[in-house]
Amino acid sequence: ALMGTITLRRTKNLISLPPKMVEISFVDLSMDERELYDKMELDAKTIVQEYIHLNSVLRNYSTVLLILLRLRQICDDVALCPGDIGSLFPSKNLE
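When we follow the working numbering, the leftmost residue of the sequence shown carries the number 183, and every step to the right adds one.
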């Protein structure tokens, strides 16, 4: 009862939304951007393979998603992501 008085819930049929559009765009990276992306991808693969080896992928699921996000961000602008994927995490200890 309390939540009903302080929250507002709108269902899809109550609001008008445009149809969802998915657009896949391929970009050509510069030589420096490609080099950074390849380095980050290799680091990412190493981290994920270590999680797989330790059977801890599910415990580190958010980290794996963060790694994928950073790889996507590099494709937008290298300034969005640090040059070292290990610096994204407070501890390099894999659990």
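The beta-carbon is built from N, C-alpha and C at its ideal position, and this holds for glycine as well.
Burial state of residue i, where buried means 16 or more other Cβ atoms lie within 10 Å
| i | result |
| --- | --- |
| Ile188 | exposed |
| Met222 | buried |
Own chain residues within Cβ distance below 7 Å of residue i, not counting five before or after
| i | result |
| --- | --- |
| Val209 | Cys257 |
Cβ neighbours of residue i in the same chain (closer than 8 Å, five flanking residues each side left out)
| i | result |
| --- | --- |
| Leu276 | Annotation note: pLDDT 49 at Leu276 (below 50); position unreliable, coordinate value reported separately. Contacts found: Ile229, Glu232, Tyr233, Leu236, Ser238 and Asn242. |
Own chain residues within Cβ distance below 6 Å of residue i, not counting five before or after
| i | result |
| --- | --- |
| Leu262 | Gln255 |
| Arg252 | Cys263 |
| Leu218 | Val260 |
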